[in-house]
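A quick write-up on the structure given underneath.
Numbering (the UniProt record's numbering), first residue to last: 1 to 99.
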């Protein structure tokens, strides 16, 4: 009986930017973290390209393969960082549509 009563209560809570103090500062911090992530991805591409070149030049396929993998991982990380807002908004909208 108590479980059916709890299910009958409608709950309507949505995200807002005025609910807690410091939300603007938190958004700036996250923006800074995104910037750091993109700079790290660029550094990863550069270091991986150097490893790929050294591995290819020295006929070391293991190092060359690690360089190629590093480039792919760095590019994928940059793509996910760049798409972070869109991904979160998409899944937020998809979750909000659940009735």
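Beta carbons are placed, not taken as given, at the ideal position from N, Cα and C, and that holds for glycine.
Quick check: what's the CA-CA separation for residue i versus residue j?
i	j	result
residue 59	residue 19	59 angstroms
residue 65	residue 35	28 angstroms
residue 28	residue 90	21 angstroms
residue 33	residue 53	30 angstroms
residue 99	residue 9	14 angstroms
residue 72	residue 86	21 angstroms
With the cut-off set at 8 angstroms, would you say residue i and residue j are in Cβ contact?
i	j	result
residue 96	residue 70	no
residue 41	residue 74	yes
residue 51	residue 63	yes
residue 22	residue 81	no
residue 55	residue 67	yes
Nearest by alpha-carbon distance to residue i: which of the options is it?
i	options	result
residue 79	14, 27, 39, 26	39
Quick one: complete beta strand (DSSP E) runs, 3+ long, within the segment 70-98?
none
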